[in-house]
Amino acid sequence: VLVNGWLKTGDMACRDDAGFYKIVDRKKDLIITSGFNVYPGEVEEVLNSHPDVADAAIVGRPDPKRGEVVVALVVLNKGVKFNPSNLEQYCREHLAAHKRPRVFEEVEGALPRNFLGKVLRRHLRDSIETVPTDETNEEVLDPEVTNQFSGMEPAESQEER
(Lines of atoms letter the chains of each structure in order from A; the text may use other names.)
(Lines give C-alpha, C1' and ligand atoms only; values in the text may rest on other atoms or scores of the structure.)
Protein backbone atom coordinates (compact mmCIF):
# COMPACT_ATOMS: atom_id res chain seq x y z
CA VAL A 73 0.00 0.00 0.00
CA LEU A 74 3.07 2.27 0.18
CA VAL A 75 4.02 3.90 -3.13
CA ASN A 76 7.37 5.71 -3.17
CA GLY A 77 7.12 6.13 0.59
CA TRP A 78 3.56 7.49 0.50
CA LEU A 79 0.52 5.75 1.94
CA LYS A 80 -1.99 5.35 -0.89
CA THR A 81 -5.42 6.14 0.61
CA GLY A 82 -7.50 7.14 -2.41
CA ASP A 83 -8.08 10.60 -0.93
CA MET A 84 -7.60 13.62 -3.18
CA ALA A 85 -6.14 16.78 -1.69
CA CYS A 86 -5.09 20.26 -2.72
CA ARG A 87 -2.57 22.61 -1.15
CA ASP A 88 -3.54 26.21 -0.38
CA ASP A 89 -1.31 29.29 -0.63
CA ALA A 90 -0.22 28.89 3.00
CA GLY A 91 1.01 25.34 2.30
CA PHE A 92 -1.81 23.55 4.11
CA TYR A 93 -3.46 20.50 2.55
CA LYS A 94 -7.21 20.00 2.36
CA ILE A 95 -8.85 16.67 1.54
CA VAL A 96 -11.34 17.44 -1.24
CA ASP A 97 -12.80 14.02 -2.01
CA ARG A 98 -12.13 10.37 -2.75
CA LYS A 99 -10.57 9.53 -6.11
CA LYS A 100 -13.21 6.87 -6.79
CA ASP A 101 -16.00 9.47 -6.32
CA LEU A 102 -14.55 11.98 -8.81
CA ILE A 103 -16.94 12.73 -11.70
CA ILE A 104 -15.46 13.59 -15.08
CA THR A 105 -17.97 15.40 -17.27
CA SER A 106 -17.01 16.84 -20.66
CA GLY A 107 -13.37 16.73 -19.57
CA PHE A 108 -13.96 18.65 -16.33
CA ASN A 109 -13.32 17.20 -12.87
CA VAL A 110 -16.24 17.58 -10.47
CA TYR A 111 -15.78 16.80 -6.79
CA PRO A 112 -19.11 15.61 -5.34
CA GLY A 113 -18.40 17.11 -1.92
CA GLU A 114 -18.27 20.63 -3.34
CA VAL A 115 -21.65 20.29 -5.07
CA GLU A 116 -23.18 18.60 -2.01
CA GLU A 117 -22.04 21.49 0.17
CA VAL A 118 -23.94 23.93 -2.06
CA LEU A 119 -27.11 21.80 -2.18
CA ASN A 120 -27.04 21.20 1.57
CA SER A 121 -27.03 24.97 2.08
CA HIS A 122 -30.38 25.26 0.23
CA PRO A 123 -33.20 25.85 2.75
CA ASP A 124 -35.43 23.11 1.27
CA VAL A 125 -32.74 20.39 1.35
CA ALA A 126 -32.23 18.14 4.38
CA ASP A 127 -29.50 16.05 2.74
CA ALA A 128 -27.91 15.64 -0.68
CA ALA A 129 -25.57 13.28 -2.49
CA ILE A 130 -23.91 13.71 -5.86
CA VAL A 131 -22.99 10.86 -8.19
CA GLY A 132 -21.95 10.52 -11.80
CA ARG A 133 -24.17 8.74 -14.29
CA PRO A 134 -22.65 7.33 -17.49
CA ASP A 135 -23.40 9.49 -20.52
CA PRO A 136 -22.45 8.71 -24.13
CA LYS A 137 -21.55 12.32 -24.94
CA ARG A 138 -20.12 13.77 -21.74
CA GLY A 139 -18.60 10.65 -20.19
CA GLU A 140 -20.66 11.26 -17.06
CA VAL A 141 -23.36 13.69 -16.02
CA VAL A 142 -23.71 15.08 -12.52
CA VAL A 143 -26.79 13.72 -10.75
CA ALA A 144 -28.13 15.17 -7.50
CA LEU A 145 -30.10 12.94 -5.15
CA VAL A 146 -31.83 15.05 -2.53
CA VAL A 147 -33.80 14.45 0.64
CA LEU A 148 -36.12 17.38 1.26
CA ASN A 149 -37.17 18.88 4.56
CA LYS A 150 -40.60 17.78 5.78
CA GLY A 151 -43.48 19.53 4.05
CA VAL A 152 -41.39 20.74 1.10
CA LYS A 153 -42.58 19.85 -2.40
CA PHE A 154 -39.93 18.63 -4.86
CA ASN A 155 -39.11 21.45 -7.29
CA PRO A 156 -36.12 20.60 -9.52
CA SER A 157 -36.14 23.99 -11.27
CA ASN A 158 -35.77 25.73 -7.89
CA LEU A 159 -32.73 23.58 -7.07
CA GLU A 160 -31.33 24.08 -10.57
CA GLN A 161 -31.58 27.87 -10.22
CA TYR A 162 -29.86 27.74 -6.82
CA CYS A 163 -27.00 25.72 -8.31
CA ARG A 164 -26.78 28.15 -11.24
CA GLU A 165 -26.18 30.95 -8.72
CA HIS A 166 -23.54 29.06 -6.71
CA LEU A 167 -21.69 26.67 -9.05
CA ALA A 168 -19.73 26.79 -12.30
CA ALA A 169 -21.63 25.42 -15.30
CA HIS A 170 -19.73 22.12 -15.48
CA LYS A 171 -20.33 21.41 -11.77
CA ARG A 172 -24.10 21.87 -11.86
CA PRO A 173 -26.26 18.75 -11.70
CA ARG A 174 -28.05 17.97 -14.96
CA VAL A 175 -30.50 15.69 -13.16
CA PHE A 176 -32.23 16.11 -9.80
CA GLU A 177 -33.93 13.15 -8.15
CA GLU A 178 -35.83 13.11 -4.88
CA VAL A 179 -34.96 10.43 -2.33
CA GLU A 180 -37.69 9.46 0.12
CA GLY A 181 -36.56 8.88 3.69
CA ALA A 182 -32.78 8.98 3.97
CA LEU A 183 -29.67 8.46 1.89
CA PRO A 184 -27.96 5.09 2.36
CA ARG A 185 -25.05 5.38 4.79
CA ASN A 186 -22.43 3.10 6.30
CA PHE A 187 -21.84 2.62 10.03
CA LEU A 188 -19.61 5.74 10.08
CA GLY A 189 -22.38 7.86 8.57
CA LYS A 190 -20.76 8.24 5.14
CA VAL A 191 -23.04 8.16 2.09
CA LEU A 192 -22.81 4.88 0.18
CA ARG A 193 -22.36 6.36 -3.29
CA ARG A 194 -21.96 2.97 -4.96
CA HIS A 195 -25.53 2.08 -3.90
CA LEU A 196 -26.78 5.36 -5.30
CA ARG A 197 -24.88 4.89 -8.58
CA ASP A 198 -26.36 1.42 -8.93
CA SER A 199 -29.88 2.76 -8.36
CA ILE A 200 -29.89 5.43 -11.07
CA GLU A 201 -30.51 4.61 -14.70
CA THR A 202 -28.14 5.40 -17.53
CA VAL A 203 -29.01 8.23 -19.86
CA PRO A 204 -30.77 7.00 -23.01
CA THR A 205 -29.02 7.96 -26.24
CA ASP A 206 -30.98 10.04 -28.70
CA GLU A 207 -31.81 8.57 -32.09
CA THR A 208 -29.87 11.17 -34.10
CA ASN A 209 -26.70 10.68 -32.03
CA GLU A 210 -25.91 14.37 -32.60
CA GLU A 211 -23.89 16.04 -29.90
CA VAL A 212 -25.79 18.73 -28.05
CA LEU A 213 -23.33 21.26 -26.67
CA ASP A 214 -24.07 23.18 -23.51
CA PRO A 215 -23.21 26.82 -24.36
CA GLU A 216 -22.22 27.61 -20.78
CA VAL A 217 -19.65 24.81 -20.79
CA THR A 218 -18.30 25.47 -24.29
CA ASN A 219 -17.99 29.20 -23.54
CA GLN A 220 -15.52 28.36 -20.78
CA PHE A 221 -13.19 27.14 -23.52
CA SER A 222 -13.57 30.20 -25.73
CA GLY A 223 -13.43 32.74 -22.88
CA MET A 224 -16.86 34.12 -23.76
CA GLU A 225 -19.64 34.58 -21.25
CA PRO A 226 -23.14 33.24 -21.82
CA ALA A 227 -25.46 35.78 -23.47
CA GLU A 228 -27.74 35.97 -20.43
CA SER A 229 -24.80 36.98 -18.22
CA GLN A 230 -23.91 39.81 -20.60
CA GLU A 231 -27.49 41.10 -20.51
CA GLU A 232 -27.53 41.17 -16.72
CA ARG A 233 -24.72 43.77 -16.69
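My numbering applies: residue 73 is where the sequence shown begins, and numbers increase by one. For every residue, glycine included, the Cβ atom is placed at its ideal position computed from N, Cα and C. Computed from a predicted model, the values in this text were never measured in an experiment.
Excluding five sequence positions before and after ASP83, the CB atoms of its chain that fall closer than 7 Å to its own CB belong to ILE95, ARG98, given in chain order.
Counting along the chain, PRO156 sits inside the alpha helix (DSSP H) bounded by residues 156-166. Between HIS195 and LEU183, the alpha-carbon positions lie close to 10 Å from each other. Between VAL115 and LYS171, the beta carbon gap of about 6 Å places them in contact (Cβ cut-off 8 Å). Boundaries around ASN109 are those of the beta strand (DSSP E), 108-110, since no alpha helix (DSSP H) includes it. The continuous beta strand (DSSP E) containing ASP135 extends over residues 125-135. Around the C-beta of VAL141, 16 or more other C-beta atoms lie within 10 Å, and the residue is accordingly described as buried.
Distance check between LEU145 and each of VAL75, GLU178, ARG197 places GLU178 closest, using alpha-carbon atoms only.
Residue state for LYS80 is assigned as coil, using DSSP reduced to three classes. Residue burial is scored here from C-beta neighbours: THR81 has fewer than 16 other C-beta atoms within 10 angstroms and is therefore classed as exposed.
Its Cα nearest to that of VAL110, the residue ARG138 stands out among TYR93, ARG138, ASP89, PHE92.
In this structure, DSSP gives GLU114 a helical state, which the three-state scheme calls helix. ASN158 and ASP124 have their alpha carbons spaced roughly 10 Å apart.
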